[in-house]
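Have a look at the structure below before the remarks.
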Amino acid sequence: MRYISNTPAEQEKMLQEIGADKVSDLFQAIPENIKFDRSFNIPAALSELELKELIKDKAEKNLDLSEFDSYLGAGSYDHYIPAIIDHLIIRSEFYTAYTPYQAELSQGTLQAIYEYQSMICELTGMGISNASLLDGASALGEAVIMAGRHSRKEKIIMPETVHPAYREVAQTYGKPHGLKFVETSLKGSSSNYKEIKEELDGNTAAVVFQYPNFFGTVEDLAEIARMLENHKKAVFIVVANPMALGLLTPPGEFGADIVVGEGQPLGNPVNYGGPNLGFMAIRDDRRLLRQLPGRLVGKTEDIEGNTGYVMTMQTREQHIRREKATSNICTNEALNALMAAIYLATMGKKGVEEVANQCYQKTRYLKEKLAEIDDVTVVNGDNHFNEFWLKIETADKSLEEIETKMCQQGILAGVNLAELTDQQGLLVSVTEKKTREELDKYARKLEVLLNE
Amino acid sequence: MSEALIKDYGSPGRKGYSLPELDVVEKNPAESLPEGMIREEAAKLPEVSEVDVVRHYTSLSNMNYGVDSGIYPLGSCTMKYNPKINEDIARTPNLTNIHPQQKEKYVQGSLEILYELKEYLAEISGMDEVSLQPASGSHGEYVGLMIIRKYFEKKGETRTKVIVPDSAHGTNPASATMAGYNVVEIASNERGMVDLESLKAEVDEDTAALMLTNPNTLGIFEKDICEIQKIIHDAGGLLYYDGANMNAVLGYVRPGDMEFDVIHYNLHKTFSTPHGGGGPGSGPVAVKERLAPFIPAPVLKKEGEKYYWDNDRPDSLGRVHAFYGNYGVMLRAYAYIRTAGAKGLKEITENAVLNANYMKHKLKDTYELPFASDSLHEFVLSGSRQKKEGISTVNIAKRLLDYKQYAPTIYFPLIVKEAIMVEPTETENLQSLDRFIETMKVISQEIEEEPELVRDAPHNTVVRKLDEAKAARNPDLRW
C-alpha cells in the first residue's frame, strides 16, 4: 500500500518498543470466533498508471454534457464557472483541512465561511446565514423541523409547485416529529393560492414556497406574505434558487422567516448531483437563531485585540447538546460553500445580476420561439426565470419519442416531468451558457420533428 | 498577520469576470413577472478584480493548516493523507460533467463505478445491501435509524428507545432524536467498555436499537460484543454500528460478522477523501438482507450488463437527498479502494494500529492513561496531571499549534476528564510520530518550568488565543 511510509524495519523497531512480537498481537482484544479469516473479495492493488487506465475505460462509457446541448435543470444547473475557483480550492491548506476545531490554525477556513455567510445574507435579504447544510433538499427537511419546534404547531403547507424530491425529503425528515404535510394543488404552473388560504389555520407550523417554483414560475410572494399577516405563528419558508436572486426581489423583503436552497448554481459543477451545498438563512431574530441547525462562524478578537474568527453559538450543536441539539448535522459542505463564496466574490455585484438577466433573456427567447410551433404550449405563459414547462400535444408522437429524436440531434430537450411528477411535458432549463444559435437550433429541430 | 474582508478590496465598478455579450433581444422582465418581483437594488456583493480574488483566497489559505501541512492527529476523525491522483480522477471531464437528470444509458460508466463501490463496501463490512445516498456520517446515522424505524413499523411494533453508550459521538444521540427516538444513555465500566449490567437493565421491548462504535471512542475494542449483540437481539432490538472507527478493523473483523444489522461508513475518514475544511463527506449505509427493503430510494441495481436506479421501493424510508448523494466523494473512495486492493486495506489498519500503539506507549508516562485496556487505532490520554499544575488540556492543544502541529481532539470522549484523543493514522511515518511525541513531552516540561508559556499559547500563530465567549455573547455573524 503505497500511502504507508514506514518500512518493515521501522515497523519492527516500533513493535520492539511496544513489546509486541508481531502486528497481529495488537488485535488480541478481538474474539477469535468473529475474526475475519479470509482475505477480501476485492481486486488486487493497482499502480497509479493502471488506476488511470481503469478509470479512463469506465469514463468512456459515459456520454457527458459536452456531447449535447443540454436543457436539463430541475434542481441542478449548468452555469459558467470561472476558472479561478478550482485553482483556489485545490490549494491543499483548504481542502485537506478538517472542521476548524483549532481556530488559531484555521483562520483561512473560518474567515472564508464568515464571508460566505455574509454574501448569502446579501443575496437573500436575510439577517443570518449558517455555514451550509448537506444539500438543498435536506436543508428544507431541517427547515420544516425547525419551524415545527419554533411554532409548536404541526401542519406544513407545501404546494405541489415545490420540487418533488424536496417534498419527499421534507416529509422523510418531518414525519418522525409528528409534522403533518398538506400538499396543495397546481393552478396552471403556479400554486393554488385560494387553496392555501383555506388551509391556513391556527395549527399551521409553516408554509413552504419555492422561488421560482419547480415548474419555473415566479410565485407572488407578496400575496403569500399578505395571507400570513393573520397567522403570525406560521413560519414562512422560501426555497430559493440563489442565481434567480440576481434578478428577483430577495425573499427577506417579503418577510420570509427561513430561506433555504441549493447553492450548486453558484460556482459548483453539476457533477451528477453531488457534492452540492444546502444554504439556510433566517431573519435576524434571537429566538429563531437558537433553533438554527448547523455551524456558524462569528467574528471576535484575540487577547491582543486582533480580529479573528471562531465557530460560535455551539450550544445548539450535537457535540455539546447531544440528544437536545437542534440537528444531528456535523460535517457539512464547507468546500462547496467556499466555491460558492469565491463565485459570488468573482462575479460580484454586477456579474450575478448579469448572469441572472442573461438566464432570463435567453429562456424568454427560446420560450417565445417554441410557443410559435403548432402543438406546443408553454404552461407558464410569460412568467418564468430560467426554466419553463413545455407541453407538446401531438397524436402521432409520444414525448419519449420526441426526447429520443432530439437526443439523436444532440439535444437533451429537458426533463420529462412524468419521471418526477404526475404531470406531463418537458421542463426546459436555459442558462447563460447557451448561444442564440443553439436556441434557434432547438426550436428548428423540434419544429421539423413535429412536422415529420 | 491579518487579511481584510473580500468586500474591502472593492472599488465601485471594478469587475473580476467576463461573459459573452447577450446575443438575444433584451426585454424588460418587469413586463412579464408579477408586480414587485424585480429586485430594486443589486445585492451588495464585492466589486473586485480577478487578481484581488486570487490574492485574497491565497492569503486565506496561508492562514490554514491541512494534512498536507503536517500531522493532524484528531481522534475519531482519521485525518490520513488524501492521495492526489484521486483529486484528478474526481475531475475527469466525462465522469463529472454529467447531469443528475441524464438518462441512465448515458452514464453507465459512472453507475458501474458506483455499483462496484457498493459491492466493496458490502464485502468490507460483511453486509448485504448498500445505500450511497447519505452525504455525511451523521446523515448516514440518521438514515440507519430511519431504516430501523421503518423495519419496526412494517412489523407492526412500536419501539421508542435507542440506547447509546456515554462514550458515543454526539451525533449518535442527536441522530436518534432526529429519527424520532428517545435516547437512553448507559455508562461505561472501569475498562472503558459497555457495562453489561447497565445494558441489561435498560434493554426491553421498547428498545429499537443500540448504537455502538467498535472500537469505541477510547480506541478500545468492545470485547463483549458477542454478549452485547445477544442481549439486544434477544429483546427483538437491532444493532447499529457507527463506522467512524472502521480504519481500526479492516480485514480483522467485520461488523456483519459481529451481528450488526446496520452500519454507516465515513468515506472521508476510512477511505481517504479530503475533508474540505468541514465537508463534503459521504456516509454510505450498509444493511443486512432483512433491512434492504427500507433503505432510501432510488437503489442502484444491475440487470445483465445494465445499471439502473430502482425507484420501485414501496417500503423505502424515502429520499434524504435531492439526487444520489455525494458522487464526487464516491469517485475518490473508489479510486482509493482500487489502489489499496484487498491486501492493502488490511495493511492500512495494521499500520494505523501500530502507529497509535507506538505513540501511546511513548506518551503514557508523561500523560495519564485513564484506561489501560488494549487499544487499536486511537487512544485517549488525560491532561489531569497537568491540570494540577494549573494548565488545562486546551492550553496544551494551543501550545501544540506553536510547534506547527495540529492538536488532537480534546475534551472528548466526555467520560475522560481533560481528554486528549490521539489518532495518528497509518500515513504518518516514524519521524513524524517521534516529533509529535517529543513535542508533547516538551510541553509537559514547559508546564513544570514555565507554565505561563503554555497558559498563554498560542504565540506563533496568525492570531493569538481567540475570545470565544465574546463571539457567543455578541454574535457578529456577517459583515
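In order, the protein sequences belong to chains A and P.
For the numbering used here, count along the first sequence from 1 and bump the result up by 28.
Numbering follows the numbering used here, in which position 423 of the second sequence is assigned residue number 408; successive positions increment by one, without gaps.
Every residue gets a Cβ at the ideal spot worked out from N, C-alpha and C, and that includes glycine.
| Check | Outcome |
| --- | --- |
| Proximity below 7 Å, CB of residue 459 of chain A to CB of residue 22 of chain P | no |
| Per-residue contacts from residue 308 of chain P into chain A (C-beta, under 8 Å) | 103, 104, 163, 193, 300, 301, 302 and 304 |
| Contact belief for residue 392 of chain P with residue 385 of chain P at Cβ below 8 Å, rounded distance in angstroms | 5 Å |
| Where the stretch 331 to 363 of chain P meets chain A: residues whose CB sits under 8 Å from a CB there | 331, 332, 333, 335, 336, 338, 339, 340, 342, 343, 346, 347, 358, 359 and 361 |
| Residue closest to residue 84 of chain A, alpha-carbon to alpha-carbon, out of P:24, P:288 and P:94 | P:94 |
| Assigned exposure category for residue 253 of chain P - 16 Cβ within 10 Å defines buried | buried |
| Residue 30 of chain A versus residue 67 of chain P: straight-line alpha-carbon distance, rounded | 12 Å |
| Closest Cα partner of residue 405 of chain P within the set P:167, P:351 and P:291 | P:351 |
| Exposure label - residue 495 of chain A; buried when at least 16 CB within 10 Å | This structure gives no information on residue 495 of chain A, because the portion of chain A shown stretches from 29 to 480. |
| Chain A residues whose Cβ lies nearer than 8 Å to that of residue 152 of chain P | Going along chain A, no residue has its Cβ under 8 Å from residue 152 of chain P, so there is no contact; the nearest lies around 12 Å. |
| Validate contact between the stretch 143 to 158 of chain A and the stretch 361 to 381 of chain A using beta carbons, cut 8 Å, 3 pairs | yes |
| Same chain, Cβ closer than 6 Å to residue 356 of chain P, five either side skipped, listed in chain order | 177 and 203 |
| Interface residues of the stretch 82 to 100 of chain P facing chain A [CB-CB below 8 Å] | 82, 83, 84, 85, 86, 87, 91, 92, 93, 94, 95, 97 and 98 |
| Cβ-Cβ distance between residue 271 of chain P and residue 115 of chain P below 7 Å | yes |
| Residue-chain proximity (residue 105 of chain P, chain A), Cβ-Cβ < 7 Å | yes |
| Cβ pair residue 118 of chain P, residue 289 of chain P closer than 7 Å | no |
| Top-ranked residue by Cα proximity to residue 109 of chain A, from A:292, A:222, A:398 and A:464 | A:292 |
| Boundaries (first-last residue) of the alpha helix (DSSP H) holding residue 158 of chain P | 156 to 163 |
| Presumed contact (8 Å Cβ cut-off) between residue 219 of chain A and residue 197 of chain A, rounded CB distance | No, residue 219 of chain A and residue 197 of chain A are not in contact; Cβ-Cβ is about 19 Å, not under 8 Å. |
| Pick from A:283, A:422, A:274 and A:270 that is closest to residue 290 of chain A, judged by C-alpha positions | A:270 |
| Straight-line Cα distance separating residue 102 of chain P from residue 65 of chain P | 20 Å |
| Three-pair Cβ contact test at 8 Å for the stretch 43 to 61 of chain P versus the stretch 115 to 135 of chain A | yes |
| Minimum Cβ-Cβ distance from residue 115 of chain P to chain A less than 7 Å | no |
| Burial state of residue 36 of chain P (16 or more Cβ within 10 Å) | exposed |
| Endpoints, the beta strand (DSSP E) within which residue 395 of chain A is located | Per DSSP, residue 395 of chain A belongs to no beta strand (DSSP E); it is in the alpha helix (DSSP H), 362 to 399. |
| Where residue 383 of chain P meets chain A, residues with beta-carbon distance less than 8 Å | 130 and 132 |
| Residue 393 of chain A: contacting residues in chain P (beta-carbon distance under 8 Å) | 9 and 10 |
| Start and end residues, alpha helix (DSSP H) containing residue 237 of chain A | First-last for residue 237 of chain A: 232 to 239, but that is the beta strand (DSSP E), not the alpha helix (DSSP H). |
| Nearest-angstrom beta carbon gap, residue 456 of chain A and residue 99 of chain A [assumed within contact, 8 Å] | 5 Å |
| Distance between residue 50 of chain P and residue 286 of chain P (C-alpha atoms, nearest Å) | 41 Å |
| N- and C-terminal bounds of the beta strand (DSSP E) containing residue 130 of chain P | Taken as a continuous stretch (DSSP letters only), residue 130 of chain P belongs to no beta strand (DSSP E), being part of the alpha helix (DSSP H) at 122 to 140. |
| Minimum C-alpha distance to residue 348 of chain A - residue among P:315, P:124, P:155 and P:195 | P:155 |
| Proximity of residue 251 of chain P and residue 122 of chain P at Cβ, strictly below 7 Å | yes |
| The beta strand (DSSP E) enclosing residue 287 of chain A, as first and last residue numbers | 286 to 290 |
| Residue 367 of chain P - DSSP class collapsed to helix/strand/coil | strand |
| Proximity of residue 443 of chain A and residue 102 of chain A at Cβ, strictly below 7 Å | yes |
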